[in-house]
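See below for the structure under consideration.
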Amino acid sequence: MSIRDRLNRLAGDAATPEPQPVVADWVSDLQQELQMSVLQESRSFILMKETVCPLFDEPYYETLYSQGFRVPQLRKISADFPADLPDDEINLRNALFIDTETTGLAGGTGTYPFLIGIGHVELDHLVVRQYLLPDFVHEWLMLKHLDQALLASGFTVSFNGKSFDLPLLRSRYILNRMETVMDDCFHVDLLHAARRIWRRRLPACDLQSLEQHILGKTRIGDVPGEMVPHIYFEFIRKRDAYMIRDVLEHNYHDIANMMMLAMHMAAICEAPEMHLQHPQDQFSFAMYLMKNQSFAEAIRLLENLLSGSAKLSKDSYATAGF
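Position one of the sequence shown corresponds to residue 20 (this note's numbering), numbered consecutively onward.
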């Protein structure tokens, strides 16, 4: 074979498209049974499930829709919004709600996010996209899709994500030697805002407790969080679509209920006397307003409590200085 023939052969090999990963039967099962799509790039693939949740039947929807989903009042209960951010940009349509399911609950470099769920508002719907990792070697592709979603958003919202989800995701970008726009988006953690309102009354302020006691929602047959890593490893071993179905459902409810909680908090900040029925909750909100020097609104709430028939604990009166 001449040198020219060899060069032509090499040129032909270079022009040959890189083969796509082989999609196995179990992937087809996920596509059919769970309505998931396959996202492929280079020799990697991940799975994605999209769910559209209408918002128009939810409480507070009409008010929020009339305001264009602008919620600048959330500044009253969350210190996460930058001081120089214009009020018009505090809009739930700019928010990306995010929740991860991971191979461990302790975090650290050995923990992988195997399912990343993100939700955003489109018109009058919440659109939830869930990216499932079929094998650890494809993690970079899942992170790439997350970064594209972050790039299109104004800020991120989570529940306890400041302590767990976001640090874990940052470490995964670093370990994959990938750049990310994550730190260009400010982050709002609803857990801290929830504690400021309900910690005096509720025994716990985890998301499912708030769903039950505040939003009036109860999950039936939900997967316990501590079981999620085990279920995923069993799914990796057996490739059974039925096994991962409940984890996808669990993650979806986390994201959807974060959105409902944000809507509820916005209503509380707009009219606390109307939307905080329990005196302990009104008191907690008033104390946080006092701490942030919103004295007029705090005094109005406290006067409303003192003039009514509400009963507060002695500790509450002591905290208020009475």
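Each residue gets a CB set at the ideal place from its N, CA and C atoms; glycine is no exception.
DSSP-derived helix/strand/coil call for residue i
| i | result |
| --- | --- |
| P153 | coil |
| L324 | helix |
| G340 | With a pLDDT of 47 at G340, under the threshold of 50, the modelled position of that residue is not reliable, and the figure given next carries that caveat. Reduced to three states, the DSSP call for G340 is coil. |
| R196 | coil |
| I233 | coil |
| L134 | strand |
| L145 | strand |
| D259 | coil |
When the options are compared against residue i, the one with the closest alpha-carbon
| i | options | result |
| --- | --- | --- |
| Q149 | N276, L267 and P291 | L267 |
| I233 | Q50, Q92, S190 and H294 | H294 |
| F64 | L142, V140, L162 and E77 | L162 |
| V147 | S313, W159, A168 and F155 | A168 |
| V200 | D208, V207 and R189 | R189 |
| L209 | F304, P248, D225 and K68 | D225 |
| L229 | I255, G240 and I216 | I216 |
| E108 | A98, P91, S97 and D99 | P91 |
| D118 | F205, K68 and I274 | I274 |
Residues near residue i in its chain [Cβ-Cβ closer than 7 Å; skip 5 each side]
| i | result |
| --- | --- |
| E52 | A260 |
| L49 | M55, L66 and A260 |
| L74 | Y80, D143, H144 and L145 |
| N179 | D208 and L210 |
C-alpha gap between residue i and residue j, whole angstroms
| i | j | result |
| --- | --- | --- |
| I135 | L111 | 20 Å |
| G327 | P105 | 37 Å |
| T130 | S313 | 42 Å |
| L145 | C72 | 5 Å |
| T122 | F252 | 8 Å |
| R238 | F174 | 28 Å |
| I287 | D154 | 43 Å |
| A285 | R214 | 15 Å |
| A125 | E245 | 11 Å |
| N195 | H139 | 26 Å |
| W45 | S56 | 13 Å |
Check: residue i C-beta below 8 Å from any heavy atom of the ligand ADP
| i | result |
| --- | --- |
| L321 | Of the ligands one can find in the structure shown there are none, so the ligand ADP has no counterpart to examine. |
Same chain, Cβ closer than 8 Å to residue i, five either side skipped, listed in chain order
| i | result |
| --- | --- |
| Q301 | P291, E292, L295, L320, N323, L324 and A329 |
Cβ-based neighbour list, residue i, same chain, cut-off 6 Å, excluding 5 preceding and 5 following
| i | result |
| --- | --- |
| V176 | A114, F116 and V207 |
| S97 | V207 and A212 |
| A317 | A305, L308 and M309 |
Sequence ranges, beta strand (DSSP E) only - wholly within the segment 55-114, length at least 3: 55-60 and 63-73
Just to confirm the assignment: which complete alpha helix (DSSP H) runs, minimum length 4, are found wholly within the segment 155-219? 158-170, 184-194 and 209-217
Quick one: complete alpha helix (DSSP H) runs, 4+ long, within the segment 263-297? 291-294
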